[in-house]
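Novice:
2 protein chains.
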Amino acid sequence: MLTTACKDAIRAMIYIAKKQKNIDNFISIKEIANNLDLSFYFLSKILQKLVKDGFLESYRGPNGGVKLAKPMGDISLYDIILSIDGDDVFTQCILGFKECSDIKPCAVHEKWAPERERLYNLFKDTTLEEIEEEIEKKINIKL
Amino acid sequence: MLTTACKDAIRAMIYIAKKQKNIDNFISIKEIANNLDLSFYFLSKILQKLVKDGFLESYRGPNGGVKLAKPMGDISLYDIILSIDGDDVFTQCILGFKECSDIKPCAVHEKWAPERERLYNLFKDTTLEEIEEEIEKKINIKL
DNA sequence: TTTATTTAAGACTTTATACTCTTAAATCTA
DNA sequence: TAGATTTAAGAGTATAAAGTCTTAAATAAA
Numbered sequence: 000m001l002t003t004a005c006k007d008a009i010r011a012m013i014y015i016a017k018k019q020k021n022i023d024n025f026i027s028i029k030e031i032a033n034n035l036d037l038s039f040y041f042l043s044k045i046l047q048k049l050v051k052d053g054f055l056e057s058y059r060g061p062n063g064g065v066k067l068a069k070p071m072g073d074i075s076l077y078d079i080i081l082s083i084d085g086d087d088v089f090t091q092c093i094l095g096f097k098e099c100s101d102i103k104p105c106a107v108h109e110k111w112a113p114e115r116e117r118l119y120n121l122f123k124d125t126t127l128e129e130i131e132e133e134i135e136k137k138i139n140i141k142l
Numbered sequence: 000m001l002t003t004a005c006k007d008a009i010r011a012m013i014y015i016a017k018k019q020k021n022i023d024n025f026i027s028i029k030e031i032a033n034n035l036d037l038s039f040y041f042l043s044k045i046l047q048k049l050v051k052d053g054f055l056e057s058y059r060g061p062n063g064g065v066k067l068a069k070p071m072g073d074i075s076l077y078d079i080i081l082s083i084d085g086d087d088v089f090t091q092c093i094l095g096f097k098e099c100s101d102i103k104p105c106a107v108h109e110k111w112a113p114e115r116e117r118l119y120n121l122f123k124d125t126t127l128e129e130i131e132e133e134i135e136k137k138i139n140i141k142l
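For the record, the sequence lines run as chains A and B. Everything in the first sequence is counted per numbering that gives the first Met the number 0, starting at 0 for the first residue and increasing by one. Everything in the second sequence is counted per numbering that gives the first Met the number 0, starting at 0 for the first residue and increasing by one.
Here's what the structure looks like:
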């Protein structure tokens with residue numbers, strides 16, 4: 000469904016958003032990697048994409064790191080997925096046909112197209128803000 | 000979402016089911032590969048799994064090939080996906096946590112778990128029989 | 001201005017998936 | 001029985017994704 004790079008990106012963004020609620024500092028990638036038990040090298044690569052796409056702001060040097068470049072409510076899971084994996088999952092035919100559409104459908108288009116649309120809306124509507132609120136409410140949440 | 004091997008498997012199974020409605024012969028893998036524009040070598044490999052898992056019956060020699068080992072109504076898209084890709088897509092945490100559950104959820108468990116369940120039911124309920132009926136009704140369907 | 005800290009960028013290695021080829025085994029037909 | 005046909009099985013290759021490392025650039029603080 001999602002690449003591991005994309006999963007890591009989402010976890011990192013949730014971590015950053017959670018931390019940024021309290022203090023507006025830059026958060027070092029090293030700290031994120033350590034806390035989420037991810038490879039610093041790999042995570043650095045992934046976050047560079049989110050910086051390029053305008054979801055993170057980065058700063059070099061001591062006390063440098065990354066921070067959200069937009070309000071939490073303006074960053075959705077869809078945005079992160081699009082940035083890292085692309086939007087194939089939300090647009091592509093389940094059987095891989097490039098020209099599959101309502102007019103020229105594949106054998107399962109009628110089943111899959113609405114489901115794909117549903118997934119799109121779900122991820123588009125789920126923002127970092129909403130996730131943070133969910134985390135606050137519950138205890139025992141894995142990050 | 001699905002590997003290309005799995006997509007090819009589904010297309011092949013739909014092709015076999017469609018053909019088998021009329022004649023109950025074994026269908027050669029070469030014929031399937033030619034008609035669906037797939038590599039014979041690759042398709043052979045894929046179909047071997049479906050034979051092992053009891054969804055196809057195979058026969059060697061002249062006029063040999065493969066045919067469905069069960070009624071079309073008893074083979075679902077879920078069965079094919081499970082056989083080729085495994086059921087990770089229907090069971091795994093979207094963020095990749097192995098121990099994610101209702102009791103110890105990840106940050107998006109509440110959003111993803113019901114959706115995963117929905118996808119499971121959709122693919123479980125969609126049988127080759129149903130797909131065939133859909134194909135009969137429409138023209139212009141890509142196989 | 002030197003040193004430490006931190007991200008950026010690109011090269012590199014490893015692993016998994018996709019894909020191909022060869023040989024063996026089963027079966028039919030002549 | 002010999003030859004043709006077809007799947008089975010396993011080895012081998014190519015490509016893409018995952019993961020690591022090195023060097024450069026920016027910045028802060030001593």
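C-beta atoms are modelled at their ideal positions from N, C-alpha and C, and glycine is treated no differently.
#1: Can you find at least 3 beta carbon pairs, one from the stretch 124-136 of chain A and one from the stretch 5-21 of chain A, that sit closer than 8 Å?
#2: With distances taken between CB atoms, is the gap from Leu-42(B) to Ile-22(B) smaller than 7 Å?
#3: Pop quiz: Phe-96(A) and Leu-118(A) are said to be a contact at Cβ under 8 Å. What is the actual Cβ separation, rounded to whole angstroms?
#4: What are the start and end residues of the beta strand (DSSP E) that includes Leu-55(B)?
#5: Work out the CA separation of Ile-83(A) and Ile-45(B) for me, nearest whole Å.
#6: DSSP state of Lys-20(A), grouped into three classes?
#7: On a CA-only basis, which of Asp-124(A), Lys-141(A) and Ala-32(A) is nearest Ile-80(A)? Give me that one, please.
#8: Is the separation between the beta-carbon of Asp-7(B) and that of Leu-37(B) shorter than 7 Å?
#9: Under a CB-based cut-off of 7 Å, is Cys-105(B) close to chain A?
#10: Buried or exposed, going by whether 16 or more other CB atoms sit within 10 Å of the CB of Pro-104(B)?
#11: Taking a cut of 7 Å between CB atoms, which residues from the stretch 49-74 of chain B lie near chain A?
#12: Counting only the same chain and skipping the five closest in sequence on each side, list residues whose C-beta sits under 6 Å from that of Leu-94(B).
#13: Would you mind reading off the limits of the alpha helix (DSSP H) that contains Lys-51(B)?
#14: Is it buried or exposed, Thr-3(A), if we count other Cβ atoms within 10 angstroms and call 16 or more buried?
#15: Going by alpha carbons, who is nearest to Asn-24(B) out of His-108(B), Val-107(B), Ala-68(B) and Glu-114(B)?
#16: Hey, Glu-9(A) and Lys-18(A): beta-carbon distance below 7 Å or not?
Specialist: Taking the coordinates as given:
#1: yes
#2: To locate residue 42(B), count along the second sequence from 1; it is residue 43. To locate residue 22(B), count along the second sequence from 1; it is residue 23. Not closer than 7 Å, so no.
#3: The residue given as residue 96(A) occupies position 97 in the first sequence. The residue given as residue 118(A) occupies position 119 in the first sequence. Incorrect: roughly 18 Å between the Cβ atoms, too far for contact.
#4: Start at 1 with the first residue of the second sequence, and residue 55(B) comes out as number 56. Following the DSSP letters along the chain, one finds Leu-55(B) inside the beta strand (DSSP E) bounded by residues 55-58.
#5: The residue given as residue 45(B) occupies position 46 in the second sequence. The residue given as residue 83(A) occupies position 84 in the first sequence. C-alpha separation (whole angstroms): 30 Å.
#6: Here residue 20(A) refers to the residue found at position 21 of the first sequence. Looking at Lys-20(A) - three-state DSSP - the assignment turns out to be coil, as it is neither helix nor strand.
#7: Within the first sequence, residue 80(A) is the residue found at index 81, counting from 1. Out of Asp-124(A), Lys-141(A) and Ala-32(A), Asp-124(A) has the C-alpha closest to the C-alpha of Ile-80(A).
#8: Here residue 7(B) refers to the residue found at position 8 of the second sequence. Here residue 37(B) refers to the residue found at position 38 of the second sequence. The answer is yes: Cβ separation under 7 Å.
#9: Taking the second sequence and counting its residues from 1, one reaches residue 105(B) at position 106. By this cut-off, Cys-105(B) is an interface position.
#10: Along the second sequence, one-based indexing puts residue 104(B) at 105. By the neighbour-count rule (16 or more Cβ atoms within 10 Å), Pro-104(B) is buried.
#11: none
#12: For the purposes of this step, residue 94(B) is identified with residue 95 of the second sequence, where counting begins at 1. If we look at Leu-94(B) and ignore the five residues flanking it on each side, its Cβ neighbours are Cys-105.
#13: Taking the first residue of the second sequence as 1, we reach residue 51(B) at position 52. Per DSSP, Lys-51(B) belongs to the alpha helix (DSSP H) from 39-51.
#14: For the purposes of this step, residue 3(A) is taken as the residue at position 4 of the first sequence. Counting Cβ neighbours within 10 Å, Thr-3(A) comes out exposed, since fewer than 16 surround it.
#15: Along the second sequence, one-based indexing puts residue 24(B) at 25. If we check each option's Cα against that of Asn-24(B), Ala-68(B) comes out closest.
#16: Counting from one through the first sequence, the residue named residue 9(A) turns up at place 10. Counting from one through the first sequence, the residue named residue 18(A) turns up at place 19. One point to set straight first is that residue 9(A) is Ile, not Glu, in the sequence displayed. In this structure, Lys-18(A) does not lie closer than 7 Å to Ile-9(A) by Cβ.
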